[in-house]
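Counting along the sequence shown from 1, when you hit position 40 you're at 40 in UniProt numbering, and nothing is skipped either side.
Beta carbons are placed, not taken as given, at the ideal position from N, Cα and C, and that holds for glycine.
From a predicted model like this one, the values you see are computed outputs, not experimental measurements.
Reviewing the structure listed below.
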Amino acid sequence: MSAAPPHVLIIGAGTGGLCLAHGLRRAGISVAVYERHRDRAEGLLGYRVGIGPTGSRALRECLPPELFATFLATCARPPHYFNVVTQGLRQTASFPLRPSADPVRTEHSVARMVLRQVLLTGLEDVVQFDKTFTRYEQRDDGTVTAHFADGTSATGDLLVAADGTHSAVRRQYLPHAVTRDAGTINIATRIPLTPHTRGLIPERVQQGISLIFGVGGMMGVLHVMEFKWDAERAIKPGVSEPDAALLRDWPGLAHDTTTDNINLIIWSAANRFPADIMERRGEDLVQVALDLTSNWHPHLRELLAHADPASALPIKVSTSEPVPPWKSSTVTMLGDAIHTMTPGRGVGANTALRDARLLCAQLSRATAGDKTLLQAVADYEAVMAPYGFARVAESLNRSGTSGDDRMYRPVVGRLALLGARGYFGVTSRVPRLRRRFVDDFHTYEGDRD
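Structure, rendered in structure tokens:
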């Protein structure tokens, strides 16, 4: 006999929270999402995220079929290479990535804001904006009430924290579950893609994801994002008719300003940056990036000089400290709210989507009467926490993601840089090692379920 479907409150309209909302709605489970931003166009969501098979599988299972097709149509052109270059744009290594006709078993280049608009589609009656969560109360009748800064509240059977690295829900629920600075800072920039800016970068860099190993411990990543629409939101020639039809009917295109661009992100140990870097914005922040890359190739510096000042953003990289198992209740967490990780492995969004898929499946079983709501939450957390914190550790151990990495040390840093470049160079030139590297790249992106 089926149990009464629970009403689920989700705090945060990020990637994981919105994917969960779609999945619950498809399963016939009542859900409401509360987002602190004032509207669907606000928020730090403009940069690239790689959605691998783990994330695509979750999206396919949780989203309505037509919306999953819209997700695929809104992805940027996929990368054809993983490149390693020097600060002088000299190629150290280039690995051809495997193409795939399977929409799930591939790497998708996605703009965060575009993905957000896709996930908000069809949830207009579910998502409430301008709702800043302040605290919750767990009641004797088994319900939980969320309170918001505007004086309102909402009551449901389960509260899901999907409110990111600085989760207010986590601070109340697991005050001992803390994040710490990884010791590195990024400056993210977005450069309009024009014939001139395209001409500043080599063909293989245009066609791939490129890691920049610079001397002096200054790192970077560059990727070109090309979409199926132009700056006027007109569908480009050559787009298939099914994709063109999906895009013409998709309301999200009217809410987003993302067009073809070059993402160029630089990073290093935090002590390399001005003390007030997190308060810098606009042209001032772009100038900091230029000052820090004075020995980079003139073409890379010209790209930075062409960056949209409004897009420039400082990011202090954080990482979660693992916590021992906790007693499950009517509050749970997903994504960065519980396992914030560095971008070292590029799987943060995929892990949040995996969380959403798993939690949705468990809550569906509870609704079907196979288990209680609390048992469903406990079973979700028993699986989520180990793989989530494993991804945290793996991302932190990636070269250059921790401020303690020897890459940033004055003397041994030079040797570490030469070692890293040498590793990629040899690996790319030895067929057996190259195949293993590409296999590992694709395996890590998706075969971890």
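- Taking C-beta atoms under 8 Å as the contact rule, residue 20 and residue 156 fail to qualify, at a distance of about 13 Å.
- Within the same chain, 301, 304, 305 come within 8 Å of residue 290 by CB-CB distance, once the 5 residues on both sides are set aside.
- A straight line joining the alpha-carbon of residue 241 with that of residue 174 spans about 50 Å.
- Residues of the same chain with a CB within less than 8 Å of the CB of residue 351, apart from the 5 flanking positions on each side, are 54, 335, 339, 341, 387, 388, 391 in chain order.
- Take residue 332, set aside five residues on each side of it, and the residues of its chain with a beta-carbon closer than 8 Å to its own are 158, 159, 160, 161, 359, 377, 380, 381, in chain order.
- Under the DSSP assignment, residue 49 falls outside any alpha helix (DSSP H), being part of the beta strand (DSSP E) whose first and last residues are 48-51.
- For the stretch 235-292, the continuous beta strand (DSSP E) assignments of 3+ residues that do not extend past its boundaries occur at 261-269, in sequence order.
- In the structure shown, residue 79 adopts coil according to DSSP, grouped into three states.
- By the criterion of a C-beta distance shorter than 6 Å, residue 282 is surrounded in its chain by 309, once the five residues flanking it on both sides are discounted.
- The C-beta of residue 85 has 16 or more other C-beta atoms within 10 Å across all chains shown, which makes the residue buried.
- Distance between residue 395 and residue 181, taken at the CA atoms: about 14 Å.
- In this structure, DSSP gives residue 113 a helical state, which the three-state scheme calls helix.
- Looking at 415, 297, 328, the one whose alpha-carbon comes closest to that of residue 91 is 297.
- The C-alpha of residue 321 lies about 34 Å from the C-alpha of residue 93.
- Just so you know, the alpha carbons of residue 109 and residue 134 end up roughly 34 Å apart.
- Apart from sequence neighbours up to five positions away, the residues of its chain that approach residue 48 with a beta-carbon distance below 8 Å are 76, 109, 110, 111, 112, 223, 225, 263, ordered along the chain.
- DSSP places residue 355 within a helical segment (H, G or I) once states are collapsed to three.
- In the structure shown, residue 186 adopts extended strand secondary structure according to DSSP, grouped into three states.
- Assignment of residue 227 by DSSP, reduced to helix, strand and coil, places it in the coil class.
- DSSP, reduced to helix, strand and coil, places residue 65 within a helical segment of the structure shown.
- Distance between residue 404 and residue 371, taken at the CA atoms: about 46 Å.
- Secondary structure within the stretch 85-169: the beta strand (DSSP E) runs of 3 or more consecutive residues, fully enclosed, are 91-96, 108-111, 133-138, 144-148, 153-156, 158-161 (chain order).
- It is roughly 34 Å from the alpha-carbon of residue 32 to the alpha-carbon of residue 230.
- With a cutoff of 9 Å on beta-carbon distance, residue 97 and residue 208 are scored as near each other.
- Residue 64 and residue 124 have their C-alpha atoms some 15 Å from each other.
- The secondary-structure analysis by DSSP pairs residue 332 across a beta bridge with 160.
- As computed with DSSP, residue 37 is found in no beta bridge at all.
- Across the structure, residue 419 and residue 406 are spaced so that their CA atoms are roughly 11 Å apart.
- Sorting 18, 329, 348, 411 by C-alpha distance to the C-alpha of residue 141 places 329 at the top.
- Distance from the CA atom of residue 201 to the CA atom of residue 69, rounded to whole angstroms, is 32 Å.
- Between residue 35 and residue 130, the C-beta gap is smaller than 9 Å, which places the two residues in contact.
- Taking each of 100, 268, 115 in turn and checking the Cα distance to residue 255, the smallest one comes out for 115.
- Residue 277 is not a Cβ neighbour of residue 212, given a cutoff of 9 Å.
- Secondary structure at residue 294: coil, using DSSP grouped into helix, strand and coil.
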